[in-house]
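In the working numbering, the protein residues as written are 1 to 138. Positions of the beta carbon are idealized from the N, C-alpha and C atoms, including for glycine. Scroll down for the structure; my scribbles are underneath it.
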């Protein structure tokens, strides 16, 4: 069983039947050939230890179909990335938010021990210092 030349003969003999069956199943020649190649790789791993199966073509079809279905399922789970324009950071959202907060926020009032914020239309230049002093308790 150390000589694996017999595997080449078995794979060659079963190739047409296996690819034909896989082609009928997947209706795509590339997928059928990739499935057959994967089945051949698995045959090269398992047949030297276990010997050939009773029906090599059926084994190759079964293993190839399962390998291709696993690949189809794996690809279905993958999500395509959006276009570059959709995820681009052309506008800096953080600086826009900081500018808006600088313009709109706030003093701190304590009502029943809770923080409340008031939007001020006109605020003095000391509001941030006041806010810091209140937050630090000084």
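The alpha helix (DSSP H) with residue i in it runs from where to where?
i: residue 49; result: 29-50
i: residue 71; result: 56-77
i: residue 11; result: 5-26
i: residue 86; result: 84-87
Using the rule of at least 16 other Cβ atoms within 10 Å of the residue's Cβ for burial, across every protein chain shown, is residue i buried or exposed?
i: residue 75; result: exposed
i: residue 64; result: buried
i: residue 6; result: exposed
i: residue 19; result: buried
i: residue 41; result: exposed
i: residue 14; result: buried
Write down the C-beta distance between residue i and residue j rounded to the nearest angstrom, noting that I regard them as a contact closer than 8 Å.
i: residue 23; j: residue 9; result: About 23 Å; that fails the 8 Å criterion.
i: residue 43; j: residue 11; result: 7 Å
i: residue 57; j: residue 17; result: 4 Å
Hey, would you say the C-beta of residue i is under 6 Å away from at least one heavy atom of the ligand ATP?
i: residue 53; result: For the ligand ATP, the structure offers nothing, since it holds no ligand at all.
Only counting the same chain, and skipping five residues up and downstream in sequence, which positions put a Cβ closer than 7 Å to that of residue i?
i: residue 21; result: 61
i: residue 25; result: 65
Might you give, ordered along the chain, the residues of its own chain that have their beta carbon closer than 6 Å to the beta carbon of residue i, omitting 5 neighbours on each side?
i: residue 53; result: 59
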